[in-house]
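> The numbering used here runs 331 ahead of the 1-based position in the sequence shown.
Cβ atoms here follow ideal geometry from the backbone N, Cα and C, with glycine treated the same way.
Computed from a predicted model, the values in this text were never measured in an experiment.
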Amino acid sequence: GSGKITPASTFDMDKLKSTLKQFVRDWSEEGKSERDSCYQPIISEILKNFPKERWDFSKVNILVPGAGLGRLAWEIAMLGYACQGNEWSLFMLFSSNFVLNRCSQINSCKLYPWIHQFSNNRRSADQIRPIYFPDVDPHSLPSGSNFSMTAGDFQEIYSECNTWDCVATCFFIDTAHNVIDYIDTIWKILKPGGIWINVGKCPLLYHFENLGNELSIELSYEDIKNVILQYGFHIEVEKESVLSTYTVNELSMMKYYYECVLFVVRKPE
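1. Does DSSP put Phe594 in a helix, in a strand, or in coil?
2. Alpha carbon to alpha carbon, how far is Phe485 from Asp367?
3. For the segment 423-438 against the segment 504-515, do three or more pairs of beta-carbon atoms, one drawn from each stretch, fall closer than 8 Å, so that the two count as touching?
4. Do Trp386 and the ligand NAP come close, with the Cβ less than 7 Å from some heavy atom?
5. Beta-carbon within less than 7 Å of Pro444's beta-carbon, same chain only, minus the 5 sequence neighbours each way: which residues are those?
6. Roughly how many whole angstroms lie between the Cα atoms of Gln415 and Gly483?
7. Who are Leu396's beta bridge partners in DSSP?
8. Where does Ser368 fall in DSSP's three states?
9. Residues in its own chain within less than 8 Å of Pro534 by CB, not counting five upstream and five downstream?
10. Answer with buried or exposed for Gly525, where buried requires no fewer than 16 other C-beta atoms within 10 angstroms of its C-beta.
11. So, are the CB atoms of Ser476 and Gly531 less than 8 Å apart?
12. Answer with buried or exposed for Leu421, where buried requires no fewer than 16 other C-beta atoms within 10 angstroms of its C-beta.
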């Protein structure tokens, strides 16, 4: 090292820009409708499958792989379930650590997440508008609640069989080099009778599709469903075309909408 600071790569800068937008999605008032469209269906299924009458919430172990900035896992822990988020990306980990451990005043932090968006702005002010976060106090979890975040590769960390009552994934399985490996891990770590709840892009958008040097398998949703069934999962809920956005700029003249699939599958007793 000559002590020279090398400029950040375009790849890293893109990652950083998308991480800034995650603050909007997970911890701002502006991201609420997006959270409602994809986190709420997951939370509803958890409450339906693990109702208060039959379960002691604190003994229901729920894992959220690809937890991002941690809001979904936090919301699940807020209900009283034992919830652990897992994340691999350093960008996400630094950011979630900051929000969860360093922010306690509501809307005390300010970001300019759209500052790099030079097109599709209706008004000049839209590009330079701030968003404030967090919209809730992350430290307001009920006493005795069980919430944690782990750092590292989902497949490497979770190798212990039959440990989780529920695995909840949101926009996660499209991050796999080989989605079958993820399905394999989820099958192994779920307790018999445990459920996997997924909301995600359909058709699935694979993160590595356009990176030439990254080997990955691209499967259609139909293929993924067949793999899930061949492992032995039973499909209990399946809804296609659940409309959702991902880190959308509400004021932009261009928005992407995903037709997500929501499924709940159970590992037999």
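Taking the definition as stated:
1. strand
2. 25 Å
3. no
4. In the structure shown, the ligand NAP is absent, as is every other ligand, since no ligand is present at all.
5. Leu351, Lys352, Phe354, Val355 and Ile462
6. 13 Å
7. Correcting the residue identity first, residue 396 is Pro in this sequence and not Leu. In DSSP, Pro396 forms a bridge with Asn417.
8. helix
9. Confidence in Pro534 is poor, its pLDDT being 49 and thus under 50, which makes the residue's placement too unreliable to answer from.
10. buried
11. no
12. exposed
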